[in-house]
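Asker: Have a look at this one before I ask anything.
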Amino acid sequence: MPPQSPELFIYRSIFAIGAAALSSVLAIIVNDYPQERSRGKLISVHSVLNALGVAAFATLLGRLPTVFTNNGYDPITSGQYTMLLVAALTFVSGLIFLRGLKGGTPEKHHNKPSLRELVTVGLESARNPRIALAFGATLLARADVSVNGIFISLWAVTSGTALGLSAGEAIKRVVLVIVITNLLSIVWAFIFGSIIDRINRVPCDGDCHGIRNCCIRINVFC
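Using my numbering, the first residue of the sequence shown is number 9, and each one after it goes up by one.
As structure tokens, then:
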């Protein structure tokens, strides 16, 4: 497939929509389930488990392209089989969520607001400065995660190709970087999880973005 193939962009767009939808649903769960006094703790636990999951699956799934290649498959087929396996695991996770999560507040079906009403309420809520801040912070956080994920994988493949490595071998070698970054995020999840419930969340959000900007500038100069 050519590097600029429209088909590649279509598949990537579908993948991005699914990833964004998953992040949105998880954010809704961790914010709506707990009571106000313990919301920060649940977010902290969620962040820790999410980081551990990413580290574990990066270690296991990051080796699959190389495993398939060593068994005689070409690099493209190896990548396709890896993605299919990840999709199957995601589907199983969805079934677990469907079975394990308790439904929302009791209400009759005809009392549920329509999608149009929900969108309208969401847009009107943006007039509240704190809600508008939450919208903006979510947008920045999602973009930051997407850029980091794209940068690490692209950096690994590009650098690996320059060294004469296959794409699968390059991804395998960058797994350690992914694991370390996620383990470090666990430490910060504990720290900010304990802070969020004790201070005003508006200045806390500003502090978090300030730290993020410092880290980005360090990456630029390094």
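For each residue, glycine too, the CB sits at the ideal point set by N, CA and C.
Less than 8 angstroms between the CB atoms is what I'm expecting for Val216 and Phe200, so what's the real figure, rounded?
Answerer: Checking the sequence, you will find Cys at residue 216 rather than Val. Rounded, the Cβ-Cβ distance is 7 angstroms, consistent with contact.
Asker: Measuring only the C-alpha atoms, how far is Ala63 from Leu191?
Answerer: Their backbone Cα atoms lie some 7 angstroms apart in a straight line.
Asker: Return the CA-CA distance between Leu50 and Thr74, expressed in angstroms with no decimal places.
Answerer: 37 angstroms
Asker: If you draw a straight line from the C-alpha of Ala164 to the C-alpha of Pro121, how long is it?
Answerer: 46 angstroms
Asker: Do you know how far the Cα of Glu177 is from the Cα of Ser55?
Answerer: 29 angstroms
Asker: Below 7 angstroms CB to CB, which residues in the same chain sit around Pro10 once its five sequence neighbours on both sides are set aside?
Answerer: Model confidence at Pro10 stands at a pLDDT of 47, short of 50, so the residue's coordinates are unreliable and nothing is read from them.
Asker: Have a look at Arg20 and Leu30 and give me their C-alpha separation to the nearest angstrom.
Answerer: 15 angstroms
Asker: Which stretch, first to last residue, makes up the alpha helix (DSSP H) that contains Leu109?
Answerer: No alpha helix (DSSP H) contains Leu109, which DSSP labels as neither H nor E.
Asker: Of the choices Ser174, Asn58, Thr146 and Ala140, whose alpha-carbon is the least far from that of Tyr81?
Answerer: Scanning Ser174, Asn58, Thr146 and Ala140 for the CA closest to the CA of Tyr81 turns up Ser174.
Asker: By DSSP, does Leu171 sit in helix, in strand, or in coil?
Answerer: coil
Asker: Less than 9 angstroms between the beta carbons of Ala1 and Val183, yes or no?
Answerer: No information on residue 1 is available, as it lies outside the stretch 9 to 230 that the chain covers here.
Asker: Which complete alpha helix (DSSP H) runs does the stretch 135-204 hold, if anything under 4 residues is left out?
Answerer: 137-170 and 175-204
Asker: Should Ile179 and Ser161 be called a contact, given that it needs their Cβ atoms to be closer than 9 angstroms?
Answerer: yes
Asker: Could you give the distance in angstroms between the alpha-carbon of Arg135 and the alpha-carbon of Asp213?
Answerer: Taking the straight line joining both Cα atoms gives about 19 angstroms.
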